[in-house]
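Below is one structure, written out as structure tokens; comments come after it.
Numbering (this note's numbering), first residue to last: 56 to 236.
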């Protein structure tokens, strides 16, 4: 079950992460919900093809649906396939930032310097690419993993560290998480 899988992943990461920065991202909406409900230490992102492929689950079929899902579940952001938004970056990026969410991209187009520049100008928060060295040489920039704070306004970190939230309320969150399959 997803619950068992997420527990195993969290257990391993908590034991082994040391001082590394960790971000969870998944294409599975239920796993994203579980990852967010079960811990407050690491950022959770929802991966989407953004409509480049069609799935039965509507949350997976558009960047806008992914944004609504991320916001409703207090995720930190979305990782979208770049071809789904490259022609509308000027509207999509502000939409995410307005809701306090990060927007990352992935995909083959991210290895293209023009696409990189267009995203940088639009304010994309991070780009996942295969050819970091080539883009770095062309831009005279070194890669920096998470150089800025990764805490969004929609974060549940406040909930987990808020002294007014009782242990019973946190146990209720854990119980709800265990019911998601």
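Even for Gly, the Cβ is constructed at its ideal location relative to N, Cα and C.
Nothing here was measured: the structure is a model prediction, and the numbers come from that model.
In the DSSP assignment, the residues bridged to residue 102 are 134.
No Cβ-Cβ contact shorter than 8 Å links residue 100 with residue 122. DSSP, reduced to helix, strand and coil, places residue 159 within a strand of the structure shown. Judged by their CB atoms, residue 159 and residue 188 are not nearer to each other than the 8 Å cut-off. Under DSSP, the beta-bridge partners assigned to residue 181 are 159. Here residue 113 is exposed: its Cβ has fewer than 16 other Cβ atoms, across all protein chains shown, within 10 Å. Per the C-alpha coordinates, the member of 76, 82, 93 and 74 positioned closest to residue 61 is 93.
In this structure, DSSP gives residue 140 a state outside helix and strand, which the three-state scheme calls coil. With a cutoff of 8 Å on beta-carbon distance, residue 115 and residue 82 are scored as near each other. By the neighbour-count criterion, in which 16 or more other beta carbons inside 10 Å mark a residue as buried, residue 134 falls on the buried side.
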